[in-house]
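Asker: Sharing a structure below in structure tokens format, with a few things to ask.
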Amino acid sequence: MPKMTPGYVRNAIRRSLSAIVDREPGKREVAKLWRHFASKCAYCGKALKPGPGANIDHLVPASKQGAHHISNRVLACATCDNRKGNRLWRAHLKTVAPNAMEANRRTAKIEKWAKLMAPSVAIADKKVVEREAERVLTTFNTAVEKLRRAVSPKRAADA
25 MPKMTPGYVR NAIRRSLSAI VDREPGKREV AKLWRHFASK CAYCGKALKP
75 GPGANIDHLV PASKQGAHHI SNRVLACATC DNRKGNRLWR AHLKTVAPNA
125 MEANRRTAKI EKWAKLMAPS VAIADKKVVE REAERVLTTF NTAVEKLRRA
175 VSPKRAADA
């Protein structure tokens, strides 16, 4: 476990609040994902086995406000996951599909998955989560600063 620093705790608070409204896929959902994509990379079609080298990738990256919901996830080989990086999935798919017909087939399969697994209730606006996180973190940061000031004179005297 990493050292419990204020920065680590701030990140944990953000992630915890976000997970309430946008949770990671569960085992059953991941099993459906494997079945839907027939244990193959959604992008390049490479056969996969669970474990290292098989990833559950975000179609729209989390860094671009993509949800963690299963409808925004696909099965991807490590190579495709790494090469896709922070790009949107369609741009990557065009670079790995052997031809336009296969790109269209894979696109249709991904779109079918996203529609099939779409949440029945809209995922909460990430701005709402961020606003609440900022409110909590303001209180946390104030407490950290008060504690640092209270300890600071004592540390100087001990030195």
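The numbers in the sequence shown follow my numbering, run straight up by one, and end at 183.
Ideal Cβ positions, reconstructed from N, Cα and C, are used throughout, including at glycine.
1. Alpha carbon to alpha carbon, how far is residue 121 from residue 29? Give it in angstroms, no decimals.
2. Please identify the residue among 35, 77 and 135 whose C-alpha is closest to the C-alpha of residue 94.
3. How long is the line joining the alpha carbons of residue 126 and residue 102, rounded to whole angstroms?
4. Which whole runs of the beta strand (DSSP E) in the segment 87 to 175 are 3 residues long or more, in chain order?
5. On the DSSP letters alone, give me the boundaries of the beta strand (DSSP E) that residue 78 sits inside.
6. Please report how far the alpha carbon of residue 52 lies from the alpha carbon of residue 59, in whole angstroms.
7. Could you check where the alpha helix (DSSP H) with residue 31 kicks off and where it finishes?
8. Find the nearest neighbour of residue 48 within the set 82, 61 and 160, judged by alpha-carbon distance.
Answerer: Quick answer:
1. Taking C-alpha positions only, residue 29 is separated from residue 121 by approximately 45 Å.
2. 135
3. 20 Å
4. 97 to 101
5. 78 to 82
6. 11 Å
7. 30 to 45
8. Checking every option, the nearest Cα to that of residue 48 belongs to 82.
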